[in-house]
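All remarks here apply to the structure that follows.
Protein chains: 2
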Amino acid sequence: MRIALDAMGGDLGPELPIRGALAAITDRDDLEVVLLGPRDLLERQIAEIAGSDSRVSRRLGVEHAPETVSMDESPVEAVRKKKNSTIMVGFDLVRNGAADAVVSAGNSGATMAAAIRKLGRLPGISRPGITSFFPTLKKPVMIMDIGANVDCRPKHLLQFAIMASSCSRLLCHIDSPRVGLLSIGEETGKGNALVKETHALLSASGMNFIGNVEGRDVYRGDVDVIVCDGFVGNISLKISEGLAEAAMQMLKTEIMKTLRAKIGYLLIRKAFRSFRKRVDYAEYGGAPLLGINGTGIICHGTSNAVALRNAIYVAADMVRHQVNESIIRTLREYAS
Amino acid sequence: MRIALDAMGGDLGPELPIRGALAAITDRDDLEVVLLGPRDLLERQIAEIAGSDSRVSRRLGVEHAPETVSMDESPVEAVRKKKNSTIMVGFDLVRNGAADAVVSAGNSGATMAAAIRKLGRLPGISRPGITSFFPTLKKPVMIMDIGANVDCRPKHLLQFAIMASSCSRLLCHIDSPRVGLLSIGEETGKGNALVKETHALLSASGMNFIGNVEGRDVYRGDVDVIVCDGFVGNISLKISEGLAEAAMQMLKTEIMKTLRAKIGYLLIRKAFRSFRKRVDYAEYGGAPLLGINGTGIICHGTSNAVALRNAIYVAADMVRHQVNESIIRTLREYAS
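As given, the protein sequences belong to chains A and X, one line each in that order.
28 is the number of the first residue of the first sequence in our numbering; add one for each residue after it.
28 is the number of the first residue of the second sequence in our numbering; add one for each residue after it.
Take a look at the structure:
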């Protein structure tokens with residue numbers, strides 16, 4: 028299993044990707060990682076960080092990719108003009124069979140565009156999308172789409188449900204994932220025009236569709252997959268991150284007001300850390316691109332080494348469990 | 028100033044509305060409250076709770092409304108079939124000049140439908156909507172629409188911006204409220220079709236439009252008004268409530284794992300409470316209906332007496348500051 032990792036994608040340069048790759052290959056004997064970026068720079072930094080450990084050199088490669096796509100670049104432009112960018116080179120490796128998957132913490136739109144350009148769509152899929160794990164009171168839930176498709180038709184949401192279900196079944200080992208449709212009321216008939224039509228499609232599909240779920244149910248964990256268009260999904264994700272951050276900051280402000288609370292905080296700190304770990308996206312290993320004819324994972328620009336390592340694991344799991352083959356089969360079964 | 032309060036709207040019967048009304052009239056000499064519900068029941072409960080205090084009887088009235096609309100009733104059916112429901116009677120009082128505003132913690136769709144039926148729309152407004160205060164790191168932000176209009180056109184979002192701006196200017200005393208458009212990227216051109224067209228309308232309107240804001244900016248407090256369609260707004264609201272609840276529960280679970288953390292919690296408890304108060308919707312006094320030819324506020328079904336009291340204050344402020352007159356003026360100025 029060989030995973031290509033964009034070493035220039037994150038906000039902080041190649042150090043964290045190198046550390047993430049080292050953690051992955053140290054931990055799992057069956058993994059190789061190819062770092063994507065300027066060869067000289069990467070080889071120098073790998074030598075600095077890992078020394079000349081022969082176990083490392085055998086399973087950590089470098090593929091030269093001199094160009095980098097920045098976060099605010101237009102995906103379409105980037106794919107057209109930067110043929111030698113890390114992500115283009117990465118998906119080339121997958122196309123040529125030299126790698127099994129690409130992981131990038133760079134420009135997610137450009138990563139999706141590069142994947143589609145180099146690998147194409149899975150047969151029958153109209154719109155590839157991005158799914159992500161959200162922490163809940165129980166198991167994490169997969170939400171799709173979280174930003175690739177802002178204007179969707181019911182058919183697209185049906186396909187998101189099929190793709191995310193395959194992923195949930197194989198990665199989370201859930202026999203028959205419960206699928207919910209994000210809406211503004213649980214009753215059938217509640218929601219906007221897109222949701223109402225999608226409800227009918229999902230009901231008729233034969234999937235384990237449990238109906239509409241409301242925003243406040245997302246974090247309860249009573250459903251395994253939630254489908255929505257990419258506009259709503261992206262706002263749900265970002266608003267959650269923003270609220271979590273703001274709430275921590277507000278709580279800290281309150282705690283810092285009295286000595287008593289400060290002392291209390293020292294005693295409680297470990298619980299706080301466990302809590303953070305539980306809600307931390309980093310633990311969940313990035314957001315799989317689904318619907319492309321290959322495997323790709325995008326990560327936050329701020330991903331640390333643990334997040335990148337976990338994304339490598341998820342990519343490897345997706346390849347090993349043949350998620351794409353399952354999507355194609357399920358699509359035939361439920362949406363024909 | 029006379030505010031009609033639905034005594035049967037909340038999940039918990041008339042006790043909390045009665046306590047909320049008493050708190051409001053005790054606190055503010057210029058307020059009268061009319062409780063809406065079955066006369067016998069209300070008079071008995073008022074006597075139990077308030078005794079025969081003459082200050083109370085002078086400024087706390089009862090208007091007989093034998094019917095109640097339940098939470099899951101269809102708004103259209105409720106308005107058609109229950110002519111003597113609390114909300115229908117309430118907006119009748121406003122129409123006849125016997126009350127200045129209605130506050131209800133009942134079925135929000137039915138409250139909106141009753142308001143439109145009894146009072147009509149403000150001239151020039153196509154779609155009345157619901158706005159709500161969200162807590163942020165700085166001042167609360169008003170978001171509109173949070174659920175009344177699930178399928179919107181750009182013109183509707185422009186009108187939401189105008190209505191919420193008037194409200195923000197008069198209720199929060201902000202000279203020129205900064206208006207943001209909820210989207211999935213800050214740059215112009217990011218978003219779905221609705222957002223892109225609305226961006227152009229808002230840019231040309233002459234309002235203090237600062238451009239797109241992302242989900243993660245909502246809680247930063249760098250904007251005074253955020254506009255979105257009611258589907259996205261409702262999901263944003265509910266997902267925030269759900270996350271806040273789930274996060275508190277997860278944190279508590281972690282704290283209860285060790286004695287050390289439990290002791291820490293005792294020391295920190297006050298800070299936790301201040302934090303909760305800061306993020307508690309109850310402090311913000313409900314969600315104004317905007318665009319109706321009158322004044323109405325809807326509250327959570329779980330509203331306590333403080334929340335209902337605060338909603339009464341907001342209703343009184345809206346009438347006193349002539350929010351509707353300002354909306355009509357601003358609409359002429361910005362959207363003609």
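Glycine included, each C-beta is placed from N, C-alpha and C at the ideal position.
- Looking at the backbone, the Cα of residue 208 of chain A and that of residue 255 of chain A are separated by about 7 Å.
- Residue environment for residue 186 of chain A: buried (at least 16 other C-beta atoms within 10 angstroms of its C-beta).
- Taking a Cβ-Cβ cut-off of 8 Å, the neighbours of residue 306 of chain A in chain X comprise 274, 277, given in sequence order.
- For residue 104 of chain X, the enclosing alpha helix (DSSP H) stretches over residues 102 to 108.
- Annotated as proximal: residue 149 of chain A and residue 319 of chain A, with beta-carbon spacing under 9 Å.
- With contact defined as three or more Cβ pairs closer than 8 Å, the stretch 351 to 363 of chain X and the stretch 65 to 78 of chain X are not in contact.
- Under DSSP, residue 84 of chain X shares a beta bridge with no residue.
- For the stretch 172 to 209 of chain X, the full-length alpha helix (DSSP H) segments reaching 4 residues or more read 181 to 198 along the chain.
- Just so you know, the alpha carbons of residue 119 of chain X and residue 132 of chain A end up roughly 58 Å apart.
- Between residue 258 of chain A and chain X, the shortest Cβ-Cβ separation is below 9 Å.
- The alpha-carbon separation between residue 40 of chain A and residue 259 of chain X amounts to approximately 35 Å.
- For residue 271 of chain X, the nearest beta carbon of chain A is closer than 9 Å to its own beta carbon.
- At a cut-off of 9 Å between beta carbons, residue 218 of chain X contacts chain A.
- Taking one beta carbon from each stretch, the stretch 212 to 219 of chain X and the stretch 280 to 291 of chain X have fewer than 3 pairs nearer than 8 Å; the two do not touch.
- Among the residues of the stretch 202 to 227 of chain A, those with a Cβ less than 7 Å away from any Cβ of chain X are 209, 211, 218, 219, 220, in the order of the chain.
- Residue 317 of chain A: member of the beta strand (DSSP E) spanning 314 to 317, first to last residue.
- Against chain X, the beta carbon of residue 301 of chain A has neighbours under 7 Å at 281, listed in chain order.
- Exposed is the label assigned to residue 125 of chain X, since fewer than 16 other Cβ atoms lie within 10 Å of its Cβ.
- Against chain X, a Cβ distance below 7 Å from residue 246 of chain A picks out 269, 270, 273.
- At a cut-off of 9 Å, the C-beta of residue 263 of chain X has a neighbouring C-beta in chain A.
- Under DSSP, the beta-bridge partners assigned to residue 148 of chain A are A:319.
- The C-beta of residue 138 of chain A comes no closer than 9 Å to any C-beta of chain X.
- Residue 156 of chain X sits close to residue 173 of chain X, with the two beta carbons spaced by under 9 Å.
- Judged by beta-carbon spacing, residue 268 of chain X lies beyond the 9 Å limit of residue 265 of chain A, meaning their Cβ atoms are not closer than that value.
- Against chain X, the beta carbon of residue 243 of chain A has neighbours under 8 Å at 265, 266, 268, 269, 272, listed in chain order.
- Around the beta-carbon of residue 261 of chain X, 16 or more other beta-carbon atoms lie within 10 Å, marking it buried.
- Rounded to whole angstroms, the gap between the alpha carbons of residue 228 of chain X and residue 184 of chain X is 9 Å.
- Not a single C-beta of chain X is nearer than 9 Å to the C-beta of residue 350 of chain A.
- Under the Cβ distance rule, residue 340 of chain X does not count among the residues neighbouring chain A, no pair being separated by less than 9 Å.
- For residue 54 of chain X, the uninterrupted alpha helix (DSSP H) run begins and ends at 42 to 54, by DSSP.
- Along the stretch 166 to 179 of chain A, going in chain order, the ones with a CB nearer than 7 Å to a CB of chain X are 174, 177, 178.
- Residue 50 of chain A is outside the set of residues whose beta carbon lies under 9 Å from a beta carbon in chain X.
- Less than 9 Å divides the Cβ of residue 57 of chain X from the Cβ of residue 343 of chain X.
- For residue 231 of chain X, the secondary structure class from DSSP, reduced to helix, strand or coil, is helix.
- Classified as buried, residue 127 of chain A has 16 or more neighbouring CB atoms from the shown chains inside 10 Å of its CB.
- In this structure, residue 102 of chain A places its C-beta atom within 9 Å of the C-beta atom of residue 136 of chain A.
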